[in-house]
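Protein sequences appear in the order of chains V and R. Under numbering that gives the first Met the number 0, the first residue of the first sequence is numbered 0, with each subsequent residue one higher. Under numbering that gives the first Met the number 0, the first residue of the second sequence is numbered 0, with each subsequent residue one higher. Each residue gets a CB set at the ideal place from its N, CA and C atoms; glycine is no exception. Beneath this line is the structure, given in structure tokens, with notes to follow.
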Amino acid sequence: MTSLLILFLGAILVLYFGIHKPEKKSLGITVLLLISALSFLVKDWFAFISKNLPAWQIKLVPANMLIWDSTAIAFSIVIVLSLLLVIGLFSRNNNMGADLLGLMLFSVCGGMLMTSFSNLIMLFLGIECLSIPLYVLAGSKKSDLASNESAVKYFLMGAFSTAIFLMGCAFIYGGSGSIELESISRSLAMLGHIGVKSNLIFAGIILLMAGMLFKVSAFPFHFWSPDVYDGSPNRTTVFMATVVKIAAFAAFFRLFNYALSDVKNWWGMTLAISAAATILFGNIAAIRQTSFKRTLAYSSVAHAGYMLMAILAVPVDGFWALLVYLLAYASSAVIVFYILDRTSDGKPDFSFDNFNGLGKNNKWLSLLLIVSLFSMAGIPLTAGFAGKYGLFSGIIASYPWLLVIALAGSAISIAYYFRVFKNAFFSNQGAGFKQEIGLTEIIFLFLALMLTLLVGCWPAVITSLQIIPA
Amino acid sequence: MNPDSIFNALDISHYIYLSSVLFCIGLFGVLTRRNAIVLLMCIELMLNAVNLLFVAFSSYMGDTAGQQFVFFIMVVAAAEAAVGLAIIVMIYRNTRSTDVGLFVKLKG
Numbered sequence: 000m001t002s003l004l005i006l007f008l009g010a011i012l013v014l015y016f017g018i019h020k021p022e023k024k025s026l027g028i029t030v031l032l033l034i035s036a037l038s039f040l041v042k043d044w045f046a047f048i049s050k051n052l053p054a055w056q057i058k059l060v061p062a063n064m065l066i067w068d069s070t071a072i073a074f075s076i077v078i079v080l081s082l083l084l085v086i087g088l089f090s091r092n093n094n095m096g097a098d099l100l101g102l103m104l105f106s107v108c109g110g111m112l113m114t115s116f117s118n119l120i121m122l123f124l125g126i127e128c129l130s131i132p133l134y135v136l137a138g139s140k141k142s143d144l145a146s147n148e149s150a151v152k153y154f155l156m157g158a159f160s161t162a163i164f165l166m167g168c169a170f171i172y173g174g175s176g177s178i179e180l181e182s183i184s185r186s187l188a189m190l191g192h193i194g195v196k197s198n199l200i201f202a203g204i205i206l207l208m209a210g211m212l213f214k215v216s217a218f219p220f221h222f223w224s225p226d227v228y229d230g231s232p233n234r235t236t237v238f239m240a241t242v243v244k245i246a247a248f249a250a251f252f253r254l255f256n257y258a259l260s261d262v263k264n265w266w267g268m269t270l271a272i273s274a275a276a277t278i279l280f281g282n283i284a285a286i287r288q289t290s291f292k293r294t295l296a297y298s299s300v301a302h303a304g305y306m307l308m309a310i311l312a313v314p315v316d317g318f319w320a321l322l323v324y325l326l327a328y329a330s331s332a333v334i335v336f337y338i339l340d341r342t343s344d345g346k347p348d349f350s351f352d353n354f355n356g357l358g359k360n361n362k363w364l365s366l367l368l369i370v371s372l373f374s375m376a377g378i379p380l381t382a383g384f385a386g387k388y389g390l391f392s393g394i395i396a397s398y399p400w401l402l403v404i405a406l407a408g409s410a411i412s413i414a415y416y417f418r419v420f421k422n423a424f425f426s427n428q429g430a431g432f433k434q435e436i437g438l439t440e441i442i443f444l445f446l447a448l449m450l451t452l453l454v455g456c457w458p459a460v461i462t463s464l465q466i467i468p469a
Numbered sequence: 000m001n002p003d004s005i006f007n008a009l010d011i012s013h014y015i016y017l018s019s020v021l022f023c024i025g026l027f028g029v030l031t032r033r034n035a036i037v038l039l040m041c042i043e044l045m046l047n048a049v050n051l052l053f054v055a056f057s058s059y060m061g062d063t064a065g066q067q068f069v070f071f072i073m074v075v076a077a078a079e080a081a082v083g084l085a086i087i088v089m090i091y092r093n094t095r096s097t098d099v100g101l102f103v104k105l106k107g
């Protein structure tokens, strides 16, 4: 809980420092804030599993708004960690001033609310607190038409999906008589009693699901995300692909597994079909792209499909699989977007040809590229494999046909990930990569690489933390 | 016939129908219109349908949680509209148009 307060007050402080001294000072403060928030989160985690976390911190008193349990702490750790990686890697080359850093911090506060809500009001506030700064971040290259277009598309689609989500909340409220997750779950357990209107709840769940599928960009509501990812500046795209995705899935997971798990037969099959269609569509569309940034955007749609499988699994298994997968995806996506950003060298051209000759010019960077693309494709010994293994084994009993589709999707994905290797290692033309990489960037790249390899070679490092999420 | 008796004759289902219709008008508008400002208005209409439904349920069940929710929705919708209009102004400066049909730069 302390970490949320630190980040929120810190964001205001960062904006204040931006008035006087741009760049340097606010960047240092942001990194300091994130590291302190991260250490408080880790402290909270160990306090929680040894049951030392004070009760007032676990359940925030006023009207049961937030719950600071293991799910919330674990997802918040991943969120803050990936923001740290994003800022460490992208701040120097993308001149991120105090305004952008402040907006990112506010957005992360919203993300942390989305992991820890126990009331639909808090979920709504979290989504909006995450999204509103993001609309600005997406349009932060004011004179670039692509950035403008992605901002307006993201804004209209975001507001539209929020309205659908809220309509769902209203129906749930009407049907179950409450907006608290616990009470909703209680009234769903006694469907058919007086005061519980199943038709309203059913309509509410469908609308809620549509709204959440919009937020995580899953089929059939994925159409906005490739355009938005493509048009936004790289620093925003990587933020969306990591932080926003983690927060949206944490919220989706908590909402459906904590409040609506008693009526899984109503939404399980729909969600499974959506996951299958997302995996197939994302992967097939990604093959046809000529721009690598757009390929990554479609691949993130496909990854959203895999992550949806975590919501269908048994909650405890699903939680750990989702956590490992999100960590794997975030750490490898950060590296891939960093290399994409540096090879494009400030120009709005993200074709595969940018990678020509990378293998000859920069051995280390191409090694990083190999490991992180292997992780995204789910090759063994990388974190992506550990994540996919967890997700696949979670649904094998209940939805075997979905497993087949997911495996086919992974096979397709190898085609477009390996296309980069063809350019990087077997292409002779192209100047290749000439820019220097700063020391901070090397440290953060190493951190992301270690995460990918450590979780991949030794998944027990995460799963040994296992306790039943409260 | 005095107004009180009319309101007493209204069931909760009337409010549900009314706000569903309002919501669908907004939804239809979002899907068919091309002007960014009109789209924003349609989204506001959808949000107001939600507010109406929340207040109706809240009063019907004698529970205040729905009305609290409505306050948050109104405040956040205002913040969202402020950011959204700023984005639309930014677009207008660059393209002299607010027609979302002209946004064809990003595709594939």
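Keeping to the same chain, check which residues put their C-beta closer than 7 Å to that of residue i; ignore five residues upstream and five downstream.
| i | result |
| --- | --- |
| residue 56 of chain R | 65 |
| residue 278 of chain V | 301, 304, 305, 404, 405 and 408 |
| residue 147 of chain V | 138 |
Whole angstroms are fine: how far does the CA of residue j sit from the CA of residue i?
| i | j | result |
| --- | --- | --- |
| residue 181 of chain V | residue 259 of chain V | 10 Å |
| residue 354 of chain V | residue 294 of chain V | 14 Å |
| residue 167 of chain V | residue 311 of chain V | 20 Å |
| residue 225 of chain V | residue 262 of chain V | 33 Å |
| residue 409 of chain V | residue 303 of chain V | 13 Å |
| residue 15 of chain V | residue 87 of chain V | 21 Å |
| residue 232 of chain V | residue 319 of chain V | 32 Å |
| residue 7 of chain R | residue 165 of chain V | 27 Å |
| residue 317 of chain V | residue 271 of chain V | 14 Å |
| residue 126 of chain V | residue 1 of chain R | 44 Å |
| residue 58 of chain R | residue 73 of chain R | 18 Å |
| residue 93 of chain R | residue 230 of chain V | 15 Å |
| residue 369 of chain V | residue 145 of chain V | 29 Å |
| residue 460 of chain V | residue 453 of chain V | 8 Å |
| residue 169 of chain V | residue 204 of chain V | 10 Å |
| residue 297 of chain V | residue 48 of chain R | 34 Å |
| residue 13 of chain V | residue 107 of chain V | 14 Å |
| residue 98 of chain R | residue 154 of chain V | 15 Å |
| residue 227 of chain V | residue 150 of chain V | 7 Å |
| residue 174 of chain V | residue 187 of chain V | 9 Å |
| residue 81 of chain V | residue 90 of chain R | 31 Å |
| residue 469 of chain V | residue 256 of chain V | Its pLDDT being 44, under 50, residue 469 of chain V is placed unreliably by the model, and nothing is read from it. |
Could you tell me the boundaries of the alpha helix (DSSP H) in which residue i lies?
| i | result |
| --- | --- |
| residue 388 of chain V | 382-394 |
| residue 127 of chain V | 119-137 |
| residue 44 of chain V | 23-48 |
| residue 141 of chain V | Residue 141 of chain V -> no alpha helix (DSSP H), and no H or E assigned at all. |
| residue 439 of chain V | 438-456 |
| residue 413 of chain V | 399-425 |
| residue 319 of chain V | 314-343 |
| residue 489 of chain V | Lying outside 0 to 469, the shown extent of chain V, residue 489 of chain V is not represented and no answer is given. |
Identify, in the order they occur along the chain, each residue of the same chain with its Cβ nearer than 8 Å to the Cβ of residue i, setting aside the five sequence neighbours on each side.
| i | result |
| --- | --- |
| residue 51 of chain R | 14, 17, 18 and 21 |
| residue 220 of chain V | 160, 209, 212 and 213 |
| residue 455 of chain V | 327, 374, 379, 380, 381, 382, 383, 384 and 385 |
Is it buried or exposed, residue i, if we count other Cβ atoms within 10 angstroms and call 16 or more buried?
| i | result |
| --- | --- |
| residue 435 of chain V | exposed |
| residue 425 of chain V | exposed |
| residue 23 of chain R | exposed |
| residue 96 of chain R | exposed |
| residue 192 of chain V | exposed |
| residue 154 of chain R | Examination of residue 154 of chain R is not possible in this model, given that chain R is present from 0 through 107 alone. |
| residue 467 of chain V | Because the pLDDT at residue 467 of chain V is just 49, under 50, the model does not fix this residue reliably, and the value given afterwards should be weighed accordingly. The residue in question, residue 467 of chain V, is exposed, as its Cβ has fewer than 16 Cβ neighbours within 10 Å. |
| residue 100 of chain R | exposed |
| residue 0 of chain V | buried |
| residue 32 of chain V | buried |
| residue 39 of chain V | buried |
| residue 8 of chain V | exposed |
| residue 321 of chain V | buried |
Here's a check: name, in chain order, each residue in its chain whose Cβ is nearer than 6 Å to the Cβ of residue i, leaving out the five neighbours to either side.
| i | result |
| --- | --- |
| residue 373 of chain V | 381 |
| residue 76 of chain R | 46 |
| residue 111 of chain V | 3 and 75 |
| residue 387 of chain V | 377 |
Is the Cβ of residue i closer than 8 Å to any Cβ of chain C?
| i | result |
| --- | --- |
| residue 62 of chain R | Within the model displayed, chain C is absent; protein chains V and R are what it includes. |
I want to check one thing, is the minimum distance from the CB of residue i to the heavy atoms of the ligand ADP below 7 Å?
| i | result |
| --- | --- |
| residue 55 of chain R | For the ligand ADP, the structure offers nothing, since it holds no ligand at all. |
Please list the residues of the segment 176-198 of chain V that have a C-beta atom closer than 9 Å to any C-beta atom in chain R, keeping them in chain order. 176, 177, 178, 179 and 194
Could you please tell me which residues of the segment 344-362 of chain V, in chain order, have their CB closer than 7 Å to any CB of chain R? none
Quick one: which residues of the segment 69-92 of chain R get their C-beta closer than 7 Å to a C-beta of chain V? List them in chain order. 71, 72, 75, 78, 79, 82, 83, 86, 87, 89 and 90
Against chain R, which members of the segment 37-51 of chain V pass a CB distance test of less than 9 Å? none
Quick one: which residues of the segment 139-155 of chain V get their C-beta closer than 8 Å to a C-beta of chain R? List them in chain order. 141, 142, 144, 145, 147, 148, 149, 150, 151, 152, 154 and 155
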